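Per the working numbering, the very first residue in the sequence shown carries number 109; after that it's consecutive. Everything below concerns the one structure shown next.
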Amino acid sequence: MTLPVERVQRMLLGWYAKNMRVLPWRQTTDPYHILVSEMMLQQTQVSRVIPKYEAFLNTFPTVERLAAARPGAVIVAWKGLGYNRRAINLHKAAQAIRDTYNGEFPHKPEQLRTLPGIGEYTSSAVATFAYNHPVAVVDTNVRRIIQRVMGWPTPIEELIALQAQQLLPKEARRWNNAIMDFGAMICTDKPSCSLCPIVEHCRYEKLPAAEQQHFTYAVRKQGTFKGSDRYFRGRIIDLLRSNGELTTNQLKKMLTRFGTPQKPMAALLSDLEQDGLVKRVGTTIMLP
109 MTLPVERVQR
119 MLLGWYAKNM
129 RVLPWRQTTD
139 PYHILVSEMM
149 LQQTQVSRVI
159 PKYEAFLNTF
169 PTVERLAAAR
179 PGAVIVAWKG
189 LGYNRRAINL
199 HKAAQAIRDT
209 YNGEFPHKPE
219 QLRTLPGIGE
229 YTSSAVATFA
239 YNHPVAVVDT
249 NVRRIIQRVM
259 GWPTPIEELI
269 ALQAQQLLPK
279 EARRWNNAIM
289 DFGAMICTDK
299 PSCSLCPIVE
309 HCRYEKLPAA
319 EQQHFTYAVR
329 KQGTFKGSDR
339 YFRGRIIDLL
349 RSNGELTTNQ
359 LKKMLTRFGT
369 PQKPMAALLS
379 DLEQDGLVKR
389 VGTTIMLP
């Protein structure tokens, strides 16, 4: 079965016109605002990002303001989002835009990928949502949609990326938003096939349930968070956000309320310092 691309585009964009999610970063084409949202959305749910996105932009309204800030101030503003290294990467990206690109945002994905913390997905997202660059934005939801529509039981990244690009119409920004919303609302882990606007073109839906169960998707598995090194790293950052400077002994004592880390305190602090998340002066620990 050959996929009727133009028909699928019309049907999905028609569904999107009636069902689109209203999100603050979709109300702008400012590349800085979009970069902030995409960095926040990398590993955090949309509902948690919305208030943090607006608060962050109130604190750092321009890329110049962010670039000029202390890293510690950015870490404080990142509170509640987790994965604090993203805050450092965002800060470094802002400084690179200021210093390497003279304050002008690069337009192309390959240029955006030269910025710290920006990979294939984020570079494509900023390029298309800010500049309508003709590139498919392929996240977990989009991969799942393409696998199902094409009837591919296992994910093959090269084929998925190629098909995603072939599906892309001239309205790249609108299409990428549409297919993401479709994956978040209809073609979810447990798809609502009865509500699907392109169900007649989906090979997955036509398969027996026994065959559908053989579909596997590329999902990043994470270990238990509580008690992990990442958990205790986060607690250390939270304590420094709340208390400012602390000695190593004070931190160690305060950390006991959260349990016993597997790594020694010295190793946790060394990792955080290496990532640019803390600064040590003698036995005193602080945000950078």
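Where is the CB? At the ideal position from N, CA and C, for every residue including glycine. In this text, all values refer to a predicted model and were calculated from it rather than measured experimentally.
One or two residues paired with residue i in a DSSP bridge
i	result
Thr-392	Thr-355, Val-389
Best match in the options for proximity to residue i [C-alpha to C-alpha]
i	options	result
Leu-131	Arg-256, Leu-359, Ala-286	Ala-286
Arg-397	Pro-217, Thr-230, Leu-276	For the chain, the structure presents residues 109 to 396; residue 397 sits outside this window and is missing.
Ala-326	Lys-216, Ile-158, Arg-252	Arg-252
Thr-248	Thr-236, Ile-264, Phe-237	Ile-264
Val-154	Ala-175, Leu-189, Asp-138, Val-389	Leu-189
Pro-217	Asp-207, Phe-237, Gly-211	Phe-237
Thr-58	Ser-302, Gln-321, Ile-306	Here the chain comprises residues numbered 109 to 396, so residue 58 is not present and cannot be evaluated.
Arg-118	Lys-387, Pro-305, Ala-163, Asn-210	Pro-305
Tyr-239	Val-257, Phe-213, Arg-256	Phe-213
Asn-351	Ile-196, Lys-334, Thr-332, Gly-180	Gly-180
Arg-256	Ala-177, Glu-266, Asp-383, Leu-315	Leu-315
Ala-177	Arg-206, Ile-158, Ile-294	Arg-206
Asp-346	Leu-380, Thr-324, Thr-332, Lys-298	Leu-380
Thr-308	Val-389, Met-258, Arg-173, Glu-228	First, the amino acid is wrong: residue 308 is Glu here, not Thr. Residue Met-258 is the option with its Cα nearest to Glu-308.
Leu-303	Leu-111, Leu-120, Pro-112	Leu-120
Asn-127	Met-293, Arg-311, Ser-378	Met-293
Cβ-based neighbour list, residue i, same chain, cut-off 7 Å, excluding 5 preceding and 5 following
i	result
Arg-129	Asp-289
Tyr-161	Pro-132, Trp-133, Val-144, Ser-145, Met-148
Ala-272	Ala-244, Val-246, Val-250, Ile-254
Val-234	Pro-139, Ile-142, Leu-143, Glu-146, Leu-220
Lys-361	none
Leu-165	His-141, Val-144
Cutoff 8 Å; reference residue i; Cβ partners in own chain excluding five residues on either side
i	result
Tyr-124	Arg-282, Asn-285, Ala-286, Asp-289, Phe-290
Val-184	Arg-349, Leu-395
Thr-355	Thr-391, Thr-392, Ile-393
Lys-278	Pro-242
Leu-376	Asp-337, Phe-340, Arg-341, Ile-344, Pro-369
Arg-194	Met-147, Met-148, Gln-150, Gln-151, Trp-186, Gly-225
Val-182	Phe-168, Leu-174, Ala-195, Ile-196, Leu-198, His-199
Proximal residues to residue i (C-beta, below 6 Å), its chain only, five neighbours per side dropped
i	result
Ala-221	The question names Ala, but residue 221 is Arg in the sequence shown. Cβ within range, chain order: Ser-231.
Tyr-191	Gln-151
Ala-102	Outside the displayed range of the chain (109 to 396) lies residue 102, so it cannot be described from this structure.
Glu-353	Thr-392, Met-394
Cys-295	Ile-253
Cys-301	Val-307, Glu-313
Continuous beta strand (DSSP E) assignments of at least 3 residues falling wholly in the segment 238-293 | none
If you pair each beta-carbon of the segment 370-384 with each one of the segment 340-348, do three or more pairs fall below 8 Å?
-> yes
Check whether the segment 354-368 touches the segment 194-213, taking contact to mean three or more Cβ pairs, one atom from each stretch, closer than 8 Å.
-> no
Enumerated in chain order, which unbroken segments of the alpha helix (DSSP H) with a length of 4 residues or greater are wholly contained in the segment 112-185?
-> 113-127, 139-149, 154-167, 171-176, 179-185
Give, in chain order, every unbroken run of the alpha helix (DSSP H) that is at least 4 residues long and sits entirely within the segment 293-328.
-> 317-320
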